[in-house]
């Protein structure tokens, strides 16, 4: 199909820096998700790829060839919009067939391509209906069908599941990923939803304020975040970030959070000679284990609040002025105000400097 290379792309609107210096290589047949909060430049980047915007600087290559001078209609990319952008006065058949009619294909070729797409997306029984008579999930499949019939080198998807209810959204995640694997089309998918990114992607590219923060597999980005923004954006509930300082005492090294200390002597070689320095300790909720027995190695906490989620309970704990979150299995008897002890898995902690950049 196609490789895509984004080379130092920048897009500024007067004083607004939508995107700055993004370089990114997307592999053939890869499903890459561009993830980030609202206003981070995700859709702008997608529109640049589609030819709906012109970059201030940089280049975009498909299969090694620049596409910046190629008109939008001729770029051999298909975009699925957030709003689906279906024509309400047309039937499902005509919506899917529209890009083929624009290319002036024969009626026979159009019928054949629409038939294949409708069978792939289970739309055969809906071809005579208008979009207003379809559910949100059905409309989404029609939008996908219109993209498929073009047989593009690249799919571009701009938050296509935003307006679907949670149950349909879950099903559509499965359908889109399955479809992408079946077709083998290089896909660039934009979302602000970390669940979509984690469950669908081969790799994730995380943006903040128009700047690329980190690229990697979902597991790599989750387990090895490059900074506190990446660490806190991925994961629900979010990672616990605790301000602390470097402390040497009795030939041991600690991270001192005031209310508690963590012995990191074993990590001395990574952050030694930092006496007095300030750090940020990052701990995922699943790496905080609650026990009721008391021990010198454990940290005393108070149960401040609980959030039952069916299969698990999120426990909000107070350690003096610090609030941290932990996970426990559903059915565990926990009472608000109860004193508990917690153990932090030191093998899974993250340590960031005061600027938020990872050290460990």
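In my numbering, the protein residues as written are 70 to 429. Even for Gly, the Cβ is constructed at its ideal location relative to N, Cα and C.
| query | Counting Cβ pairs, one atom from each stretch, are 3 or more of them under 8 Å apart for the stretch 122–139 and the stretch 183–199? | reply | no
| said: Taking 6 Å as the limit between beta carbons, can you name the residues of its chain near residue 387, skipping five residues before and five after? | reply: Taking the chain shown and counting its residues from 1, one reaches residue 387 at position 318. Within the same chain, residue 387 has close Cβ partners 371, 373.
| C-alpha gap between residue 246 and residue 100, whole angstroms | For the purposes of this step, residue 246 is identified with residue 177 of the chain shown, where counting begins at 1. For the purposes of this step, residue 100 is identified with residue 31 of the chain shown, where counting begins at 1. Residue 246 and residue 100: Cα-Cα distance of roughly 8 Å.
| Is there contact here, the stretch 355–365 with the stretch 314–332, by at least three beta-carbon pairs under 8 Å? | no
| message | Assuming residue 125 and residue 79 are in contact, meaning their beta carbons sit under 8 Å apart, how far apart are those beta carbons, in whole angstroms? | response | Stepping through the chain shown from its first residue, residue 125 is reached at position 56. Stepping through the chain shown from its first residue, residue 79 is reached at position 10. Sure, about 5 Å apart at Cβ, within 8 Å.
| message | What would DSSP say about residue 242, mapped onto helix, strand or coil? | response | Locating residue 242 in the chain shown gives position 173, where the first residue counts as 1. Of the three classes helix, strand and coil, the one that applies to residue 242 here is helix, per DSSP.
| query | Using the C-alpha atoms, what's the distance from residue 241 back to residue 203? | reply | As a working note, residue 203 is residue 134 in the chain shown. As a working note, residue 241 is residue 172 in the chain shown. Rounded to the nearest angstrom, the two C-alpha atoms are 15 Å apart.
| request: Decide if residue 279 is buried, meaning its Cβ has at least 16 other Cβ atoms within 10 Å, or exposed. | output: The residue labelled residue 279 in the question sits at position 210 within the chain shown. It is buried - the Cβ of residue 279 has at least 16 other Cβ atoms within 10 Å.
| When the Cα atoms are used, what is the spatial distance from residue 179 to residue 223? | Mapped onto the chain shown, residue 179 falls at position 110. Mapped onto the chain shown, residue 223 falls at position 154. Cα-Cα distance, rounded: 21 Å.
| field | Close Cβ partners of residue 159 (< 6 Å) along its chain, the five nearest in sequence each way excluded | value | For the purposes of this step, residue 159 is identified with residue 90 of the chain shown, where counting begins at 1. For residue 159, where only same-chain residues beyond five positions count, there are no Cβ hits under 6 Å.
| What residue from 96, 108, 74, 103 has the CA that sits closest to residue 87's CA? | Sequence index remark: in the chain shown, residue 87 carries index 18 (1-based). Nearest C-alpha to residue 87: 108.
| Of the choices 75, 239, 188, 259, whose alpha-carbon is the least far from that of residue 112? | For the purposes of this step, residue 112 is taken as residue 43 along the chain shown, with counting starting at 1. Cα-wise, what sits closest to residue 112 is 259.
| query | In chain order, what residues of the same chain lie with their CB nearer than 6 Å to the CB of residue 198, ignoring the 5 residues before and after it? | reply | Here residue 198 corresponds to residue number 129 of the chain shown, with the count starting at 1. The residues are 161.
| query | Where DSSP assigns a beta bridge to residue 81, which residues make up the other side? | reply | As a first step, residue 81 must be located in the chain shown, where it is residue number 12. Paired residues: 86.
| request: Compare the Cα-Cα distances from residue 405 to each of 375, 417, 411 and report the closest residue. | output: Translated into positions along the chain shown, residue 405 becomes position 336. Residue 405 has its Cα closest to that of 375, out of 375, 417, 411.
| Residues of its chain near residue 379, where Cβ-Cβ distance is below 7 Å and the 5 sequence neighbours each way are ignored | Taking the chain shown and counting its residues from 1, one reaches residue 379 at position 310. The residues are 399.
| request: Flag this pair as yes or no: are the beta carbons of residue 151 and residue 207 separated by less than 7 Å? | output: One-based indexing of the chain shown puts residue 151 at position 82. One-based indexing of the chain shown puts residue 207 at position 138. No. Outside cutoff.
| Contacts around residue 408, its chain only, beta-carbon distance under 7 Å, and the 5 residues preceding and following it disregarded | Your numbering for residue 408 matches position 339 in the chain shown. Result list for residue 408: 369, 371, in chain order.
| Whole alpha helix (DSSP H) elements within the stretch 296–335, 4-residue minimum | 297–302
| Delimiting residues of the beta strand (DSSP E) encompassing residue 369 | Counting from one through the chain shown, the residue named residue 369 turns up at place 300. Here the beta strand (DSSP E) through residue 369 covers 368–377.
| Is DSSP giving residue 210 helix, strand or coil here? | Here residue 210 refers to the residue found at position 141 of the chain shown. Helix, per DSSP.
| Along the chain, where does the beta strand (DSSP E) that runs through residue 272 open and close? | As a position in the chain shown, residue 272 is number 203, starting the count at 1. 272–277 is the extent of the beta strand (DSSP E) around residue 272.
| query | With 16 as the cutoff for other CB atoms within 10 Å, does residue 402 come out buried or exposed? | reply | On the chain shown, position 333 is the one that residue 402 refers to. With fewer than 16 Cβ atoms within 10 Å of its Cβ, residue 402 is classed as exposed.
| task | Compare the Cα-Cα distances from residue 153 to each of 226, 118, 105, 185 and report the closest residue. | result | Taking the chain shown and counting its residues from 1, the one referred to as residue 153 is at position 84. Cα-wise, what sits closest to residue 153 is 226.
| Got a sec? Which residues, its chain only, sit under 7 Å from residue 196 by beta carbon, not counting five neighbours each side? | Counted from its first residue, the chain shown places residue 196 at position 127. Excluding residues within five positions, the ones whose Cβ falls inside 7 Å are 160, 161, 162, 187.
| Same chain, Cβ closer than 7 Å to residue 183, neighbours up to 5 away in sequence not counted | Locating residue 183 in the chain shown gives position 114, counting from the first residue. The answer, listed in chain order, is 162, 165, 166, 218.
| message | Just to confirm, is the Cβ distance from residue 274 to residue 75 under 7 Å? | response | Mapped onto the chain shown, residue 274 falls at position 205. Mapped onto the chain shown, residue 75 falls at position 6. No; because the gap between Cβ atoms is not below 7 Å, this pair is not in contact.
| request: Helix, strand or coil for residue 100, going by three-state DSSP, please let me know. | output: Residue numbering aside, residue 100 sits at position 31 when the chain shown is read from its first letter. Three-state result, residue 100: strand.
| Along the chain, where does the alpha helix (DSSP H) that runs through residue 178 open and close? | If you number the chain shown from 1, residue 178 lands on position 109. Here the alpha helix (DSSP H) through residue 178 covers 176–189.
| task | Tell me whether residue 351 sits in a helix, a strand or coil according to DSSP, three-state version. | result | Counted from its first residue, the chain shown places residue 351 at position 282. Strand at residue 351.
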